[in-house]
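Numbering (the working numbering), first residue to last: 189 to 714.
Below you can see the structure in the form of structure tokens.
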């Protein structure tokens, strides 16, 4: 690594450790002489709201929220988060109504104009319009179509004489390309949400590029617009150099994500904060709950597309926690659970630490702090929920259901809302449990996460049609207690969920490339 590259990586790492940046954007503003350019750097970052006490807001100018930042509603976000940050939050397509309307505009702006080397650069933000299905922003927050909302704000920037416009968003690579293609006046698109890995040349690590970096999109008015993402987890720092002419047209864009390996120094201030928190949490996080004899697969490409064994373990723990004993009419009051596959966040490797499962491992799998609740649902509602779980199959969304006590078969060759071939549930009013068809008017007790109870991941039918709801224990406590009691776990893939592509054909081929969805905030720093 030559000296210039080393210095650039060191500078990049300062932003990385602050708020997990996605892209350092270097703007070359060419004027009359083609070889003479004035270069200035901006850093686009991607993060969730910072933990209390962490110094994660240094040098930031703007932020754009991701979907997981809103899992407990906008009000919960604004109270602690807005007190910590010193920069505006950007999103052109979020509107507030009701009680939030008067204060929302103070905290959230559609765009920000930055002065870079004497030049005006407009940064306009956007957040996935699917957020109400993926998170819980609350009833008073509306998410508009990204393209139309962005166009209104970009038109304002152009009217103000801003000739260089960067769209900074959290809607996924497909929408990023749509923004580049359809929003007039956008020069660069920097995205997140789908955590797409783009790279030009031989990849530096195990990730397989989904396309070149930058990914060039021809806009409707004939311009070439660079679109970039840089994967996830702070593993890479995107580096994009864009050259403009004096009219603000993009002449050239080059770069690549930088692998942030051990050669990149860590930010000493944030590292000190992290070490302090590690000391406070050491006893808890290192606690061994039990062990696994098998790989606990919690990857997106498994749990969002098919039955996964870590999903089975979680669902079995949910039912086990609800065992109350038999009476004269039933062996237990509940026999089944469902869990949205997007709630399984990572895997646990049986080859690490001799298969030990620690509290830290489990927190990584279930980081959101919800509860496992007991609800009464009609069979017709259950059927709608299972239809919803495969309505957008193949799009890497989180609603695909992991189950315990259910047996379901899907036929993906059928149209959406008609894909459930069969759905059976383990009987409770029986001395020998067996699977019986779910009947539309019959009432069933089911354990499910509180996130789904409130309609998360688009399960609005549960929130609207449940007959009874009892809040339960924390998800971490339920699964950790289950593992502690078992001591050794070895969940299998058992055929609880079967997927076909025809009425009698073989299982449908699964999507080969699945993008990890990490609901991080996209931010800008300088």
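Even for Gly, the Cβ is constructed at its ideal location relative to N, Cα and C.
Would you report the Cα separation of residue i and residue j, rounded to the nearest angstrom?
{"i": "residue 425", "j": "residue 613", "result": "47 Å"}
{"i": "residue 595", "j": "residue 568", "result": "16 Å"}
{"i": "residue 570", "j": "residue 661", "result": "22 Å"}
{"i": "residue 664", "j": "residue 674", "result": "15 Å"}
{"i": "residue 377", "j": "residue 522", "result": "49 Å"}
{"i": "residue 645", "j": "residue 528", "result": "8 Å"}
{"i": "residue 432", "j": "residue 307", "result": "11 Å"}
{"i": "residue 682", "j": "residue 495", "result": "8 Å"}
{"i": "residue 618", "j": "residue 610", "result": "21 Å"}
{"i": "residue 620", "j": "residue 505", "result": "21 Å"}
{"i": "residue 563", "j": "residue 462", "result": "39 Å"}
{"i": "residue 448", "j": "residue 420", "result": "12 Å"}
{"i": "residue 561", "j": "residue 631", "result": "16 Å"}
{"i": "residue 330", "j": "residue 285", "result": "8 Å"}
{"i": "residue 340", "j": "residue 548", "result": "45 Å"}
{"i": "residue 349", "j": "residue 440", "result": "22 Å"}
{"i": "residue 469", "j": "residue 387", "result": "37 Å"}
{"i": "residue 566", "j": "residue 592", "result": "18 Å"}
{"i": "residue 659", "j": "residue 510", "result": "12 Å"}
{"i": "residue 351", "j": "residue 413", "result": "14 Å"}
{"i": "residue 606", "j": "residue 657", "result": "28 Å"}
{"i": "residue 457", "j": "residue 467", "result": "16 Å"}
{"i": "residue 551", "j": "residue 668", "result": "10 Å"}
{"i": "residue 579", "j": "residue 489", "result": "17 Å"}
{"i": "residue 363", "j": "residue 515", "result": "54 Å"}
Please classify residue i: does DSSP put it in a helix, a strand, or coil?
{"i": "residue 224", "result": "With a pLDDT of only 27 at residue 224, under 50, the local geometry of the prediction cannot be trusted, and the value read off the model is given with reservation. Note: residue 224 maps to coil in three-state DSSP."}
{"i": "residue 315", "result": "strand"}
{"i": "residue 672", "result": "helix"}
{"i": "residue 532", "result": "coil"}
{"i": "residue 251", "result": "strand"}
{"i": "residue 603", "result": "coil"}
{"i": "residue 449", "result": "coil"}
{"i": "residue 666", "result": "helix"}
{"i": "residue 498", "result": "helix"}
{"i": "residue 456", "result": "helix"}
{"i": "residue 537", "result": "coil"}
{"i": "residue 381", "result": "coil"}
{"i": "residue 489", "result": "helix"}
{"i": "residue 468", "result": "helix"}
{"i": "residue 576", "result": "helix"}
{"i": "residue 505", "result": "helix"}
{"i": "residue 517", "result": "coil"}
{"i": "residue 547", "result": "helix"}
{"i": "residue 692", "result": "Interpretation of residue 692 is limited by its pLDDT of 45, a score under 50 that renders its predicted location unreliable; no figure is taken from the coordinates."}
{"i": "residue 587", "result": "coil"}
{"i": "residue 461", "result": "helix"}
{"i": "residue 571", "result": "helix"}
{"i": "residue 281", "result": "coil"}
{"i": "residue 473", "result": "helix"}
{"i": "residue 677", "result": "strand"}
{"i": "residue 522", "result": "coil"}
{"i": "residue 553", "result": "helix"}
Confirm, please, whether the CB-CB distance from residue j to residue i is below 9 Å.
{"i": "residue 297", "j": "residue 276", "result": "yes"}
{"i": "residue 518", "j": "residue 616", "result": "yes"}
{"i": "residue 167", "j": "residue 526", "result": "The requested residue 167 does not occur in the structure, where the chain is confined to residues 189 to 714."}
{"i": "residue 370", "j": "residue 407", "result": "yes"}
{"i": "residue 343", "j": "residue 438", "result": "no"}
{"i": "residue 573", "j": "residue 589", "result": "yes"}
{"i": "residue 556", "j": "residue 639", "result": "yes"}
{"i": "residue 482", "j": "residue 544", "result": "no"}
{"i": "residue 576", "j": "residue 647", "result": "yes"}
{"i": "residue 383", "j": "residue 417", "result": "yes"}
{"i": "residue 318", "j": "residue 282", "result": "no"}
{"i": "residue 718", "j": "residue 356", "result": "No answer is possible for residue 718: it lies beyond the span of the chain, which begins at 189 and ends at 714."}
{"i": "residue 395", "j": "residue 385", "result": "yes"}
{"i": "residue 559", "j": "residue 637", "result": "yes"}
{"i": "residue 158", "j": "residue 597", "result": "Only positions 189 to 714 of the chain appear in the structure, and residue 158 is not among them; the question remains open."}
{"i": "residue 585", "j": "residue 474", "result": "no"}
{"i": "residue 360", "j": "residue 415", "result": "no"}
Within its chain, find whatever has a CB closer than 7 Å to the CB of residue i; leave out the 5 residues flanking it on each side and keep chain order.
{"i": "residue 366", "result": "335"}
For residue i, which residues in the same chain have their Cβ closer than 6 Å to its Cβ, ignoring the five residues on either side in sequence?
{"i": "residue 491", "result": "499, 529, 532"}
{"i": "residue 735", "result": "Only positions 189 to 714 of the chain appear in the structure, and residue 735 is not among them; the question remains open."}
{"i": "residue 337", "result": "280, 281"}
{"i": "residue 508", "result": "670"}
For residue i, I'd like the list of residues in its chain whose CB is within less than 8 Å of its CB, leaving aside the five on either flank, ordered along the chain.
{"i": "residue 542", "result": "479"}
{"i": "residue 649", "result": "569, 572, 573, 576"}
{"i": "residue 190", "result": "Unreliable placement is indicated for residue 190, whose pLDDT of 38 sits below 50; no coordinate value is reported for it."}
* To do: Ignoring anything shorter than 4 residues or poking outside the region 301-368, list the alpha helix (DSSP H) runs there in chain order.
  => 319-322, 334-347
* Mind listing, in chain order, the continuous beta strand (DSSP E) runs of no fewer than 3 residues lying wholly within the region 411-438? => 412-416, 424-432
* Only counting runs of 3 or more residues, tell me where the beta strand (DSSP E) segments fall wholly within the region 617-648, in order along the chain. => 623-625, 631-637
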